[in-house]
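The structure appears below as structure tokens.
Protein chains: 2
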Amino acid sequence: MDSVKIIEIKKSVFADNEQDANSLRQELKEKGVFLLNLMSSPGSGKTTTLIQLINRLKDRLRIAVMEADIDSDVDAVKIREATGIPSIQLHTGGMCHLDAEMTRQGLDNVELEQLDLVILENVGNLVCPAEFDTGAVCNAMILSVPEGSDKPLKYPLMFSVCDMVVINKMDVLPYFDFNLQKCKENIHLRNPKAQVIPICAKSGEGTEVLAAWLLEQVKHWKQQ
Amino acid sequence: MDSVKIIEIKKSVFADNEQDANSLRQELKEKGVFLLNLMSSPGSGKTTTLIQLINRLKDRLRIAVMEADIDSDVDAVKIREATGIPSIQLHTGGMCHLDAEMTRQGLDNVELEQLDLVILENVGNLVCPAEFDTGAVCNAMILSVPEGSDKPLKYPLMFSVCDMVVINKMDVLPYFDFNLQKCKENIHLRNPKAQVIPICAKSGEGTEVLAAWLLEQVKHWKQQ
Chain A
1 MDSVKIIEIK
11 KSVFADNEQD
21 ANSLRQELKE
31 KGVFLLNLMS
41 SPGSGKTTTL
51 IQLINRLKDR
61 LRIAVMEADI
71 DSDVDAVKIR
81 EATGIPSIQL
91 HTGGMCHLDA
101 EMTRQGLDNV
111 ELEQLDLVIL
121 ENVGNLVCPA
131 EFDTGAVCNA
141 MILSVPEGSD
151 KPLKYPLMFS
161 VCDMVVINKM
171 DVLPYFDFNL
181 QKCKENIHLR
191 NPKAQVIPIC
201 AKSGEGTEVL
211 AAWLLEQVKH
221 WKQQ
Chain B
225 MDSVKIIEIK
235 KSVFADNEQD
245 ANSLRQELKE
255 KGVFLLNLMS
265 SPGSGKTTTL
275 IQLINRLKDR
285 LRIAVMEADI
295 DSDVDAVKIR
305 EATGIPSIQL
315 HTGGMCHLDA
325 EMTRQGLDNV
335 ELEQLDLVIL
345 ENVGNLVCPA
355 EFDTGAVCNA
365 MILSVPEGSD
375 KPLKYPLMFS
385 VCDMVVINKM
395 DVLPYFDFNL
405 QKCKENIHLR
415 NPKAQVIPIC
425 AKSGEGTEVL
435 AAWLLEQVKH
445 WKQQ
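Residue numbers (the working numbering), protein chains in the order written: chain A, 1 to 224; chain B, 225 to 448.
Okay, structure coming up:
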């Protein structure tokens, strides 16, 4: 198969990321493209979740994915093979997050006019990506059961900037000391408005609820 | 019980971290204190592993722990309660890593003259801490089974700076697509000299091998 497009992301020169992120959001609004920023730790299941989500939505929305990674391209290839949608790889060259200008460098390489939804899979890191507004309309994150239900207390900023917290790997709940109720309480301590959806990305269980939520977000935003 | 000592870490002013890290290593050498820098993603089991390790070594080495965290102090309290050794909490105030000067701010708060080994539990992040030399004699990391055996390919710098890679949560191996042999190969692609020890921190299995390795490192370094 053809290799995916790989974009080497350059360090941003903009001093004011917040302003730049707002400009990017405005541009995307004008083009009618919803940008979802998906964050998590390494190995929490971002790519597997995306594949489930995209396969449930690709007949109703025109979707593209930007996979940010330090230097590999396995995720973009995997997404394209499993879903058939356009997928590009953003190489951050060791950088631990994406800001709005770096996100824009990726968006310059997708056909925005032909899309409803772009999903950015951010670098696997619960700390730094939370600090930088990418220009996304919506932030979502995945916490997986093996990581522990105390993580909202230890990484508060990440949980406070996310509108959606997906709890993944629910299939292994019996083997871990993970308290779902306590986890929800910990999330809501940081962010009372956050929605929480438990899923198992491997089997697909619960991803229909996540897909319905995302479809609703996109539709609602387009009508605003 | 008494609360643990909490140190609010300030941003470093040193321009040359590499030089500063070398100075710190030299100072520690003169004092005969071995500094171990332990890194991993959130939820891989750093604190549980440390408790096992310390309880196996505390009769043979004088140990203290510095727990770096964005803003909680649960880990330092847990370590002290479970092991009885001195443990302090370093608050990074949102910063995603520790460099040598930040590590020094922590070390200024432990009784170095009365110690053989200080263990720094770095911020839970596979990206940023790998980029900053803390002044430690030895870098170790934990990768847990649920995170996946492909992580050495996706976070190459972290694996290349670590002398020891601990594979934790071996008890849940049957429930995950984790290939231990492949994982070792991926680690050695990045770092042919890295040692790999599989453990289950929860039950303690394998931690006697890890304790023996660390004891040997400390003894060897003291004799150099």
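For each residue, glycine too, the CB sits at the ideal point set by N, CA and C.
Between the segment 252-277 of chain B and chain A, which residues of the former have a C-beta closer than 7 Å to a C-beta of the latter?
Among the residues of the segment 252-277 of chain B, those with a Cβ less than 7 Å away from any Cβ of chain A are 265, 266, 267, in the order of the chain.
In terms of residue numbering, what span does the alpha helix (DSSP H) encompassing residue 409 of chain B cover?
Annotation for residue 409 of chain B: the continuous alpha helix (DSSP H) segment containing it runs 404-414.
Relative to the C-alpha of residue 9 of chain A, which candidate in A:80, A:85, A:105 has its C-alpha closest?
Of the listed residues, the one whose Cα sits closest to residue 9 of chain A is A:105.
Contact list for the segment 366-392 of chain B against chain A, Cβ threshold 9 Å:
For the segment 366-392 of chain B, the set of positions with a beta-carbon nearer than 9 Å to some beta-carbon of chain A reads 367, 368, 369, 370, 371, 372, 374, 375, 377, 378, 379, 380, 381 in chain order.
With C-beta atoms as the reference, is residue 301 of chain B less than 8 Å away from residue 228 of chain B?
The Cβ-Cβ distance between residue 301 of chain B and residue 228 of chain B falls below 8 Å.
Which chain B residues are close to residue 17 of chain A, counting only those with a beta carbon under 9 Å from its beta carbon?
Correct list: empty, because the minimum Cβ distance to chain B is about 15 Å.
Reference residue 308 of chain B; option with closest CA among B:281, B:317, B:393
Among B:281, B:317, B:393, the Cα nearest to that of residue 308 of chain B is on B:281.
With residue 205 of chain A as the anchor, note down where its beta strand (DSSP E) starts and where it stops.
Residue 205 of chain A -> no beta strand (DSSP E), and no H or E assigned at all.
Do you know whose CA, among A:50, A:97, A:157, lies nearest residue 186 of chain A's CA?
Selected option, being the one with the closest Cα: A:157.
With DSSP run on the structure shown, which of helix, strand or coil describes residue 88 of chain A?
Residue 88 of chain A falls in the strand class under three-state DSSP.
Kindly list, in the order they appear in chain B, the residues whose Cβ is closer than 8 Å to that of residue 125 of chain A.
Correct list: 320, 349, 350, 351, 352.
Pick from A:174, A:66, A:193, A:145 that is closest to residue 201 of chain A, judged by C-alpha positions
Ranked by Cα distance from residue 201 of chain A, the options A:174, A:66, A:193, A:145 are led by A:145.
Among A:32, A:23, A:6, which one has its Cα closest to the Cα of residue 218 of chain A?
Minimum Cα distance to residue 218 of chain A is reached at A:32.
Residue burial classification, residue 269 of chain B (beta-carbon count within 10 angstroms, cutoff 16):
Burial of residue 269 of chain B is indicated by the presence of at least 16 other C-beta atoms within 10 angstroms of its C-beta.
Are the Cβ atoms of residue 264 of chain B and residue 366 of chain B separated by less than 8 Å?
Cβ atoms of residue 264 of chain B and residue 366 of chain B: closer than 8 Å.
Limits of the unbroken alpha helix (DSSP H) element including residue 154 of chain A:
Here the alpha helix (DSSP H) through residue 154 of chain A covers 151-154.
Can you check which of these residues, B:331, B:304, B:354, B:291, is closest to residue 316 of chain B by C-alpha distance?
Ranking B:331, B:304, B:354, B:291 by Cα distance to residue 316 of chain B puts B:291 first.
Please check if any C-beta of chain A sits within less than 8 Å of the C-beta of residue 396 of chain B.
Interface residue (Cβ-Cβ distance to chain A less than 8 Å): residue 396 of chain B is classified as such.
Could one say the Cβ of residue 69 of chain A lies closer than 8 Å to chain B's Cβ atoms, at least one of them?
Closer than 8 Å: yes.
Interface partners of residue 247 of chain B on chain A, CB under 7 Å:
Within chain A, no residue comes near residue 247 of chain B; the closest Cβ sits about 25 Å away, beyond 7 Å.
Just to confirm, are residue 347 of chain B and residue 259 of chain B a CB contact at a threshold of 8 Å?
Contact check for residue 347 of chain B against residue 259 of chain B fails: the beta carbons are separated by 8 Å or more.
Using alpha carbons as the reference points, say which of A:212, A:112, A:74, A:167 lies closest to residue 60 of chain A.
For the residues A:212, A:112, A:74, A:167, the minimum Cα distance to residue 60 of chain A belongs to A:212.
Residue range of the unbroken beta strand (DSSP E) whose run includes residue 235 of chain B:
Annotation: residue 235 of chain B is outside any beta strand (DSSP E) and is labelled neither H nor E by DSSP.
What residues from chain A crowd round residue 296 of chain B, counting only those whose CB sits closer than 9 Å?
Listed along the chain, the chain A residues whose CB falls inside 9 Å of the CB of residue 296 of chain B are 150, 153, 154, 156.
Using DSSP bridges, identify the partner residues of residue 144 of chain A.
Paired residues: A:168.
Quick check on residue 1 of chain A: buried or exposed, where buried means 16 or more other Cβ atoms within 10 Å of its Cβ?
Since pLDDT at residue 1 of chain A reaches only 46, below the 50 mark, its modelled position is unreliable, and the value read off the structure follows with that caveat. Residue 1 of chain A comes out exposed.
From the DSSP output, in three-state form, read off residue 229 of chain B for me.
Residue state, collapsed to three classes: strand.
So, using beta-carbon positions, are residue 388 of chain B and residue 430 of chain B closer together than 8 Å?
When the beta-carbon positions are compared, residue 388 of chain B and residue 430 of chain B stay at least 8 Å from each other.
Grab me the residues of residue 6 of chain A's own chain with a C-beta within less than 7 Å of its C-beta, minus the 5 sequence neighbours each way, in chain order.
Excluding residues within five positions, the ones whose Cβ falls inside 7 Å are 73, 89, 91.
Quick check on the DSSP output: the alpha helix (DSSP H) that includes residue 305 of chain B runs from which residue to which?
It spans 298-307 - the alpha helix (DSSP H) in which residue 305 of chain B sits, taken as one unbroken run.
Identity of the residues DSSP links to residue 41 of chain A by a beta bridge
Partner(s): none; residue 41 of chain A has no beta bridge.
Under DSSP, the beta strand (DSSP E) around residue 419 of chain B begins and ends at which residues?
Where residue 419 of chain B is concerned, the enclosing beta strand (DSSP E) stretches over 419-422.
Mark residue 54 of chain A as exposed unless 16 or more other C-beta atoms lie within 10 angstroms of its C-beta, in which case mark it buried.
Answer is buried; the Cβ neighbour count reaches 16.
Let me check one thing: in DSSP terms, what residues is residue 289 of chain B bridge-paired to?
Answer is B:311, B:343, bridged to residue 289 of chain B.
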